[in-house]
Amino acid sequence: AIFLRVRDAASEPAPEAATQERQSVWQAMGGLLQLFRLPHTAGLVAYALVAYAGFITLRGLWLGPILIERHGLSLVQSGNVALLMTLGSMVSPAVFGRLDPGGERRVRWLIGFSLTAGLLLLAMAFARSLWLDVALPIVYGALSGYGLLQYGYVYGAYPAAARGRALSLFTMAMFLGVSLMQWVSGVAATAAKSFGFEPFAGALATMALMLAAGGVGFWLLPRAGTPP
Numbered sequence: 019a020i021f022l023r024v025r026d027a028a029s030e031p032a033p034e035a036a037t038q039e040r041q042s043v044w045q046a047m048g049g050l051l052q053l054f055r056l057p058h059t060a061g062l063v064a065y066a067l068v069a070y071a072g073f074i075t076l077r078g079l080w081l082g083p084i085l086i087e088r089h090g091l092s093l094v095q096s097g098n099v100a101l102l103m104t105l106g107s108m109v110s111p112a113v114f115g116r117l118d119p120g121g122e123r124r125v126r127w128l129i130g131f132s133l134t135a136g137l138l139l140l141a142m143a144f145a146r147s148l149w150l151d152v153a154l155p156i157v158y159g160a161l162s163g164y165g166l167l168q169y170g171y172v173y174g175a176y177p178a179a180a181r182g183r184a185l186s187l188f189t190m191a192m193f194l195g196v197s198l199m200q201w202v203s204g205v206a207a208t209a210a211k212s213f214g215f216e217p218f219a220g221a222l223a224t225m226a227l228m229l230a231a232g233g234v235g236f237w238l239l240p241r242a243g244t245p246p
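Numbered according to my numbering, the sequence shown terminates at residue 246, and the numbering increases by one at each position without gaps.
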């Protein structure tokens, strides 16, 4: 019925839309690189590289092997833990979206939760406790929505004309960070094993250090609304 009865009203394209030229790939990349002329872009990228990557690297790469090889859990049991972690991560963004304090408090939250995530990974690295290795990933999943606060920060940190490019750069940094953290933690696990240490401890400790570095970098580097 909608197909038969509803019609769009004919409208002429706006003059500016008709004359607007489509950007080439190189022009678009140049626009992204221009964002680095703004002093607070480096801190945002440093943070974006690790915040989402910590959650994905733990859940997708290390959680199953840790529970199975370190504690002897079955695939089903480790999958149940991963499911609970994932469910927590699905609810968490809505909670943090409602609680977003905005302004400078949002920045403090971003830094604080990044360091908290690092501490959770550090505890998993060295405690080697079954109940901690089950509980802490679930807690991590419940806290993972703090990354949503970055979108509010990006929106307020850039003028309207640059927000689309800033969000694109932020998203690229997030997914690049996932690959980077998975690779670096794998190298750390291999190095730890060659020196006689547990590979999982090396991987988790390295992830914790990367999260701490991202949070501290975001704190020390210029931020939006602060002097360069």
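All residues carry an ideal CB built from backbone N, CA and C; glycine is no exception.
Around the beta carbon of R55, fewer than 16 other beta carbons sit within 10 angstroms, so the residue counts as exposed.
About 20 Å separates the CB atoms of Y176 and W127; that is not less than 8 Å, and the two are not in contact. Taking C-alpha positions only, R77 is separated from S107 by approximately 11 Å. Shown here, H58 sits in coil according to DSSP, grouped into three states, outside any helix or strand. Within a 10 Å sphere around the beta-carbon of S42 sit fewer than 16 other beta-carbons, which makes this residue exposed. Per DSSP, E122 is one residue of the alpha helix (DSSP H) stretching across 121-145. Taking a contact as a CB-CB distance under 8 Å, the pair Y65 and S132 counts as one, their CB atoms being some 7 Å apart.
Taking a C-beta distance under 9 Å as the contact criterion, I86 and L93 qualify as a contact pair.
DSSP places S212 in the uninterrupted alpha helix (DSSP H) bounded by 178-212.
Straight-line spacing of the CA atoms in F144 and L138 works out to 10 Å.
For P217, the number of other beta carbons within 10 angstroms of its own is at least 16, and it is reported as buried. Its Cα nearest to that of A69, the residue F188 stands out among F188, R146, G82, Q45.
Its chain contains no residue whose beta carbon lies nearer than 6 Å to that of A209 once the 5 sequence neighbours on both sides are disregarded.
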